[in-house]
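Student: Take a look at the following structure, please.
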Amino acid sequence: MTKTTVMICRDPKGLNRQLVPLLPATGAITLIGWKQIPEPVDGGVPNDVAMMLARAFTSVARVTFFGISEADVTSRDWLLLKEDFVRAVNKRGLIGRAQQLIDRIPYNAVLVSTRQAKTVIRLFDEPAFPWWLEGQIVLLSSTEGPPPLLDIKSVISLLDNDDSSRQRETCLDAGILGIIRPGVDGDIAGFLSLDPSIEAQLLSTLEDESTCSGFDWSVLCEAEFGERFAGA
Amino acid sequence: MGENLPGPRGTRYDMSQIDQGTMCRAQSGVPGPAGKTSAAAVESRGNHDEPMSGGILFAVGQASVIRIPIPGTNGLAIELSPKGFIPRGGSTSTLFFQDSAGRRLLRLDYGFNRTTNTIDYHWNQRGTFADFNIADHSAAGRSGLAAYHIVKYFRYAGRVVIVAGMVIDIVSIAQASKPLKRASEVAAGWAGAWVGCKVIGAGGAAIGTLASPLGTAVGGIGGCIIGGIGGYRGGSILASEVYDWAEGTFFKPLPEAAGP
Numbered sequence: 263m264t265k266t267t268v269m270i271c272r273d274p275k276g277l278n279r280q281l282v283p284l285l286p287a288t289g290a291i292t293l294i295g296w297k298q299i300p301e302p303v304d305g306g307v308p309n310d311v312a313m314m315l316a317r318a319f320t321s322v323a324r325v326t327f328f329g330i331s332e333a334d335v336t337s338r339d340w341l342l343l344k345e346d347f348v349r350a351v352n353k354r355g356l357i358g359r360a361q362q363l364i365d366r367i368p369y370n371a372v373l374v375s376t377r378q379a380k381t382v383i384r385l386f387d388e389p390a391f392p393w394w395l396e397g398q399i400v401l402l403s404s405t406e407g408p409p410p411l412l413d414i415k416s417v418i419s420l421l422d423n424d425d426s427s428r429q430r431e432t433c434l435d436a437g438i439l440g441i442i443r444p445g446v447d448g449d450i451a452g453f454l455s456l457d458p459s460i461e462a463q464l465l466s467t468l469e470d471e472s473t474c475s476g477f478d479w480s481v482l483c484e485a486e487f488g489e490r491f492a493g494a
Numbered sequence: 002m003g004e005n006l007p008g009p010r011g012t013r014y015d016m017s018q019i020d021q022g023t024m025c026r027a028q029s030g031v032p033g034p035a036g037k038t039s040a041a042a043v044e045s046r047g048n049h050d051e052p053m054s055g056g057i058l059f060a061v062g063q064a065s066v067i068r069i070p071i072p073g074t075n076g077l078a079i080e081l082s083p084k085g086f087i088p089r090g091g092s093t094s095t096l097f098f099q100d101s102a103g104r105r106l107l108r109l110d111y112g113f114n115r116t117t118n119t120i121d122y123h124w125n126q127r128g129t130f131a132d133f134n135i136a137d138h139s140a141a142g143r144s145g146l147a148a149y150h151i152v153k154y155f156r157y158a159g160r161v162v163i164v165a166g167m168v169i170d171i172v173s174i175a176q177a178s179k180p181l182k183r184a185s186e187v188a189a190g191w192a193g194a195w196v197g198c199k200v201i202g203a204g205g206a207a208i209g210t211l212a213s214p215l216g217t218a219v220g221g222i223g224g225c226i227i228g229g230i231g232g233y234r235g236g237s238i239l240a241s242e243v244y245d246w247a248e249g250t251f252f253k254p255l256p257e258a259a260g261p
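Chains as they are written, first to last, in the working numbering: chain S, 263 to 494; chain U, 2 to 261.
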């Protein structure tokens, strides 16, 4: 039988630079880690952990991330498709298309905005924006509000972790309350909260969902987190 | 006052002796005006001078960009770049065995390893354990270190080399006396190199897999280079023969026959 522990480390001072190097330090940072015994042979987020995270994210926020659309989406404005909003990522012009090809962004790439856990779980298994290679980003915005009003260039800029002094303001103006990034090998997630209320809500919901899933729950200091995360 | 006596030369008993062994036993020059190369001489020389070719560079370089199939792994192939979007700064992995989507992969990575709690060279994998028997975060050891760096530099050098090979080939077309023939040779050479890389590379990868994942990489990339060189050469020769055959073929109109 597999034993799963979800570990939390709030306000790490240096560990995040090693584990989640692509998270901008423009807000409060929380590390979300998980440990399974026995260790799974496959990398990435285990299915049961991914489902728990998806439920927790969608409970507290509208979740926006990169994905692939089976439908032909060309609109750069949000479009309601079944239960989810989508908008095309494709760049305009010859240079834009060439850049997209160089960046290995598929022609049918979209931003997906949803409150459905079954949609969110896809973000952990999307090879076009691989979580396990740190090629994914998750934007959390208000559950009641529309999808975030952030242009594609700004989202890519967040993904690239461009150093911008206005990044925090840009995100807040767009309605983004928090950002989640995969860490090293996709074995950990870094959560940047831009609004104090969402941090408390997410941690509380994560604890509830972990308990419901039969996982152990631990809030650890930085040293303990590092030990437990890496221990064999 | 001269030393020789007057009179016709070559008829005297004391004529100069010429040693036969000092003469070059080569075909004498074709008659014609001095200082100009005759058409026959050009034709004669053309048989001996190979056109400038980027075949070897192309074949070596293509191994850094092509997908080299690994037989018996349900669609995995050797590649030196990841699939999917990677943030600026790139991936910390250099060698990838992955399917066409990038969902199943085994990669040689350098970075923090949660199993060993240190920064080291290790393997990361998803869905390939049955093929390579390597679990996620398995240490790659000293051979992994060497392979990581060789592949890292080959990835960049290979791309430079393939462009150089293509440029040389294109220049050779521009300089050729028969550009269409040379273009046919180059195009067929590139196609042959691609096929040769895939076929021989797959064979090399299959043999190498018997040893280890690094054996897969060595066999696959080595086979790709060898197959690419052979394929380029074979493709070029075939195209040349076909061109010559087509150029020397004339079609005679059929005699008209009276209708019934």
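C-beta: ideal position from N, C-alpha, C; glycine also.
Quick caveat: nothing in here was measured; it's all calculated off a predicted structure.
Taking the alpha-carbon of U:Arg234 as reference, which of U:Glu257, U:Trp195, U:Pro261 has the nearest alpha-carbon?
Tutor: For the purposes of this step, residue 234 of chain U is taken as residue 233 along the second sequence, with counting starting at 1. Per the Cα distances, U:Trp195.
Student: Give the secondary structure of U:Tyr122 by DSSP, where H, G and I count as helix, E and B as strand, and everything else as coil.
Tutor: On the second sequence, position 121 is the one that residue 122 of chain U refers to. If DSSP states are grouped into helix, strand and coil, U:Tyr122 belongs with the strands.
Student: In angstroms with no decimal places, state the Cα-to-Cα distance between S:Asp435 and U:Arg160.
Tutor: Position 173 of the first sequence, counting from 1, holds the residue named residue 435 of chain S. Position 159 of the second sequence, counting from 1, holds the residue named residue 160 of chain U. Using only the alpha carbons, I get a separation of about 43 angstroms.
Student: Buried or exposed for S:Glu396, going by 16 or more other Cβ atoms inside 10 Å?
Tutor: Translated into positions along the first sequence, residue 396 of chain S becomes position 134. The residue is buried, with at least 16 neighbouring Cβ atoms inside 10 Å.
Student: Grab me the residues of U:Asp121's own chain with a C-beta within less than 7 angstroms of its C-beta, minus the 5 sequence neighbours each way, in chain order.
Tutor: Taking the first residue of the second sequence as position 1, residue 121 of chain U is located at position 120. Asn114, Ala140, listed in sequence order.
Student: Could you name the residues of chain U that S:Arg394 contacts, counting a contact when the two beta carbons are closer than 8 angstroms?
Tutor: Numbered from 1 along the first sequence, position 132 holds the residue referred to as residue 394 of chain S. First, the residue type needs correcting, since residue 394 of chain S is Trp and not Arg in the sequence shown. Result: Asn125, Arg127.
Student: Consider the Cβ of S:Trp479: report whether some Cβ of chain U lies at a distance smaller than 7 angstroms.
Tutor: Residue numbering aside, residue 479 of chain S sits at position 217 when the first sequence is read from its first letter. Not an interface residue.
Student: Between which two residues does the alpha helix (DSSP H) carrying U:Trp191 extend?
Tutor: In the second sequence, counting from the first residue as 1, residue 191 of chain U sits at position 190. 180 to 210 is the extent of the alpha helix (DSSP H) around U:Trp191.
Student: In chain S, which residues lie less than 8 angstroms from U:Pro52 when you measure between Cβ atoms?
Tutor: The residue labelled residue 52 of chain U in the question sits at position 51 within the second sequence. Within 8 angstroms Cβ-Cβ: nothing; U:Pro52 doesn't reach chain S, min ~33 angstroms.
Student: Does any CB atom of chain S fall closer than 7 angstroms to the CB of U:Asp137?
Tutor: The residue labelled residue 137 of chain U in the question sits at position 136 within the second sequence. Chain S contact via Cβ: present.
Student: Check whether the Cβ of S:Arg428 lies closer than 7 angstroms to any Cβ atom in chain U.
Tutor: Stepping through the first sequence from its first residue, residue 428 of chain S is reached at position 166. Judged by the 7 angstroms Cβ criterion, S:Arg428 is not in contact with chain U.
Student: Locate the beta strand (DSSP E) running through S:Ala485, then write down its first and last residues.
Tutor: One-based indexing of the first sequence puts residue 485 of chain S at position 223. That residue, S:Ala485, is in no beta strand (DSSP E); its alpha helix (DSSP H) goes 484 to 492.
Student: Is S:Leu356 close to chain U? Criterion is C-beta to C-beta, closer than 7 angstroms.
Tutor: The sequence position of residue 356 of chain S within the first sequence is 94, counting from 1. With 7 angstroms as the cut-off, S:Leu356 does not count as an interface residue toward chain U.
Student: Near U:Pro180, what residues of its chain come up, given a Cβ to Cβ distance below 6 angstroms and the 5 sequence neighbours on each side ignored?
Tutor: On the second sequence, residue 180 of chain U is found 179 positions in, with the first residue counted as 1. Counting only Cβ-Cβ distances below 6 angstroms, and skipping sequence neighbours, we find Ile174.
Student: Could you please tell me which residues of the stretch 401 to 431 of chain S, in chain order, have their CB closer than 7 angstroms to any CB of chain U?
Tutor: Listed in sequence order: Leu421, Asp422, Asn423.
Student: In chain order, what residues of the same chain lie with their CB nearer than 7 angstroms to the CB of U:Gly223, ignoring the 5 residues before and after it?
Tutor: If you number the second sequence from 1, residue 223 of chain U lands on position 222. Gly205.
Student: Kindly indicate the opening and closing residues of the alpha helix (DSSP H) around S:Glu388.
Tutor: Taking the first residue of the first sequence as 1, we reach residue 388 of chain S at position 126. No alpha helix (DSSP H) contains S:Glu388, which DSSP labels as neither H nor E.
Student: Say whether the stretch 416 to 431 of chain S touches the stretch 295 to 311 of chain S, bearing in mind that this needs 3 or more beta-carbon pairs closer than 8 angstroms, one atom from each stretch.
Tutor: Too few Cβ pairs lie closer than 8 angstroms, so no.
Student: Determine the DSSP secondary structure at U:Lys153, reduced to helix, strand or coil.
Tutor: As a first step, residue 153 of chain U is located in the second sequence; it is residue number 152 there, counting from the start. Helix at U:Lys153.
Student: Output yes if chain S places a C-beta closer than 7 angstroms to the C-beta of U:Gly103; else output no.
Tutor: For this step, residue 103 of chain U is matched to residue 102 along the second sequence. Output row for U:Gly103: interface = yes.
Student: Identify, in the order they occur along the chain, each residue of the same chain with its Cβ nearer than 7 angstroms to the Cβ of U:Gly76, setting aside the five sequence neighbours on each side.
Tutor: Position 75 of the second sequence, counted from the start, is the residue given in the question as residue 76 of chain U. Correct list, in chain order: Asp100, Ser101.
Student: Output, in sequence order along the chain, the residues in the stretch 367 to 379 of chain S whose CB is closer than 9 angstroms to any CB in chain U.
Tutor: Those residues of the stretch 367 to 379 of chain S that come within reach of chain U (Cβ to Cβ, closer than 9 angstroms) are Ile367, Pro368, Ala371.
Student: Which of the three DSSP states, helix, strand or coil, is assigned to S:Ile340?
Tutor: Walking along the first sequence from the start, residue 340 of chain S turns up at place 78. Looking at the sequence provided, one finds Trp at residue 340 of chain S rather than Ile. DSSP places S:Trp340 in coil when its eight states are reduced to three.
Student: Since S:Phe327 contacts U:Gly85 with CB under 8 angstroms, what's their CB separation in whole angstroms?
Tutor: Sequence index remark: in the first sequence, residue 327 of chain S carries index 65 (1-based). Sequence index remark: in the second sequence, residue 85 of chain U carries index 84 (1-based). About 13 angstroms; that fails the 8 angstroms criterion.
Student: Can you list the residues of chain U that S:Phe391 reaches, using a CB-CB cut of under 7 angstroms?
Tutor: If you number the first sequence from 1, residue 391 of chain S lands on position 129. The answer, in chain order, is Gly85, Phe86.
Student: Residues of the stretch 310 to 333 of chain S with a CB closer than 9 angstroms to any CB of chain U: list them in chain order, please.
Tutor: Cβ contacts with chain U: Phe328.
Student: Answer yes or no: do S:Ala316 and S:Val382 have a C-beta to C-beta separation smaller than 7 angstroms?
Tutor: Your numbering for residue 316 of chain S matches position 54 in the first sequence. Your numbering for residue 382 of chain S matches position 120 in the first sequence. For S:Ala316 and S:Val382, yes; Cβs fall inside 7 angstroms.
Student: Starting from S:Lys297, trace the alpha helix (DSSP H) both ways and give me its first and last residue.
Tutor: Numbered from 1 along the first sequence, position 35 holds the residue referred to as residue 297 of chain S. S:Lys297 -> not in any alpha helix (DSSP H); beta strand (DSSP E) instead, spanning 290 to 299.
Student: So is S:Pro408 buried or exposed if we call it buried at 16+ other beta carbons inside 10 Å?
Tutor: Residue numbering aside, residue 408 of chain S sits at position 146 when the first sequence is read from its first letter. Counting Cβ neighbours within 10 Å, S:Pro408 comes out exposed, since fewer than 16 surround it.
Student: Give the residues of chain U in contact with S:Phe491, contact being defined as C-beta atoms less than 8 angstroms apart.
Tutor: Here residue 491 of chain S corresponds to residue number 229 of the first sequence, with the count starting at 1. The answer, in chain order, is Arg115.
Student: Answer with yes or no whether the minimum CB distance from S:Val335 to chain U is below 7 angstroms.
Tutor: Position 73 of the first sequence holds residue 335 of chain S. Not one chain U Cβ lies under 7 angstroms of S:Val335.
Student: At least one CB of chain S closer than 7 angstroms to the CB of U:Ser92: is that the case?
Tutor: What you label residue 92 of chain U is simply residue 91 of the second sequence in a count that begins at 1. Closer than 7 angstroms to some Cβ of chain S, the Cβ of U:Ser92 qualifies, so yes.
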